[in-house]
Structure formats: C-alpha cells, structure tokens
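Mapping the sequence shown onto numbering that gives the first Met the number 0, position 58 (from 1) lands on 57, and the numbers just tick up by one.
By construction, the Cβ of each residue, glycine as well, lies at the ideal position given by its N, Cα and C atoms.
From a predicted model like this one, the values you see are computed outputs, not experimental measurements.
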Amino acid sequence: MLLRKYMSLIGIGSAQIDLILSKDTYKVGEHIEGYFLIKGGTIDQQLRRIDCELIKREELMGNEEIIDIQTILTSKRIESEEIYKITFSFKLPSSIFVSSEEISYCFKTKLTFNEGVESRDQDIIRII
Numbered sequence: 000m001l002l003r004k005y006m007s008l009i010g011i012g013s014a015q016i017d018l019i020l021s022k023d024t025y026k027v028g029e030h031i032e033g034y035f036l037i038k039g040g041t042i043d044q045q046l047r048r049i050d051c052e053l054i055k056r057e058e059l060m061g062n063e064e065i066i067d068i069q070t071i072l073t074s075k076r077i078e079s080e081e082i083y084k085i086t087f088s089f090k091l092p093s094s095i096f097v098s099s100e101e102i103s104y105c106f107k108t109k110l111t112f113n114e115g116v117e118s119r120d121q122d123i124i125r126i127i
C-alpha cells in the first residue's frame, strides 16, 4: 500500500481527468456542453481544483493566448478506481476568430490534488 501511495505521488497510478465534449466543431458565440470524467487511480486521492483554459494558438508565430479560464474548487475525495463526472459548460465569445491554418483552439484541463502530480488533458476544437 505504501509503495502505491509513493508511486501516485510521482504520477504513476494517480487519478486522471478527461474533458468529454459532444462534438469538436462549434460556431462563434455557441454554448459548449460536456463533462469532466475523473477516473480514480490505484489509491484514494483528495482533489483540490480543476482548471480548464480555452487556448488560442497562432501556428506561424508559435504563440499561445489564454482566451478564458474556468476554475472549479473542490474538496472531493476520489476513491481508488472510482469514476466521477462533473458537468462542463462554456460560452464561446462572440469576438473570437474562426479556426484556420494560422489559428487553432484547444481546451487545456488540469486536475490538481492535495498531494501528487497534476493530471492534464488537452482537447482540440474547431471554431467556424
């Protein structure tokens, strides 16, 4: 048991997060619905927060810009092997540029624990 705890502290067997969206193409100003799927690892872990950033990438320049961020503060304890869902809702700004060869978008999600390595996820979306 002690070995599993130390392994999860360095990221092996820790809980994982995945943002599940109903589709990957959206219109400017559209409302996005989905959920965060959290899968418990080999040991119980205390969650601290979930951060989800909408990122705009400028491919030619290699720049990234945070358009918006949503933070969920939580003290939920995820038990070993438990599956947990948290709803996700996001409204795209009406002033956002559409996706192109030069501009792309993604959601970067980070799950932070009281102890251990953060879990990260990235989901590419297309804006038309």
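Residue nearest to residue i in terms of C-alpha spacing, selected from the options
i: Pro92; options: Gly28, Lys22, Ser13; result: Gly28
i: Asp50; options: Leu59, Phe35, Ser103; result: Phe35
i: Ile127; options: Glu101, Gln121, Val97; result: Val97
i: Leu46; options: Arg56, Phe89, Asp122, Lys109; result: Lys109
DSSP-derived helix/strand/coil call for residue i
i: Ser93; result: coil
i: Leu59; result: coil
i: Thr111; result: strand
i: Glu32; result: strand
i: Asp43; result: coil
i: Asp128; result: Any answer about residue 128 is impossible in this case: the structure gives the chain only from 0 up to 127.
i: Ile9; result: Model confidence at Ile9 stands at a pLDDT of 45, short of 50, so the residue's coordinates are unreliable and nothing is read from them.
i: Thr73; result: coil
Check: residue i C-beta below 7 Å from any heavy atom of the ligand NAD
i: Cys105; result: With respect to small molecules bound, the structure shown includes none, and the ligand NAD cannot be examined in it.
Distance CB(residue i)-CB(residue j) smaller than 8 Å
i: Gly33; j: Leu20; result: yes
| query | For the region 64 to 72 against the region 112 to 126, are there 3 or more C-beta pairs whose distance is under 8 Å? | reply | no
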